[in-house]
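Numbering (the working numbering), first residue to last: 1 to 51.
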Amino acid sequence: MPQMSPMYWLLLIFYFILTLLLLMMFIYFYYLNMSEKCKVDLLIYQFNWMW
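Structure (structure tokens):
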């Protein structure tokens with residue numbers, strides 16, 4: 001297996017974080033546009049999923 005350059009890994013990590021941030025922003029705005037009942041349901045679901 002060839003050794004990859006550190007620069008390549010740095011770019012990969014950078015793009016990964018960027019994609020994650022975009023996804024989080026998208027989810028956040030989508031969440032803001034939802035109704036209050038939906039928000040509560042989602043919150044409960046999130047807590048159930050986390051624990």
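C-beta: ideal position from N, C-alpha, C; glycine also.
Since this is a predicted model, take the numbers as computed values, not measurements.
Under DSSP, the alpha helix (DSSP H) around M24 begins and ends at which residues?
6-33
Cα separation between I44 and M24?
18 Å
Just checking my contact of K39 with Y31 at CB under 8 Å: how many whole Å lie between their CB atoms?
7 Å
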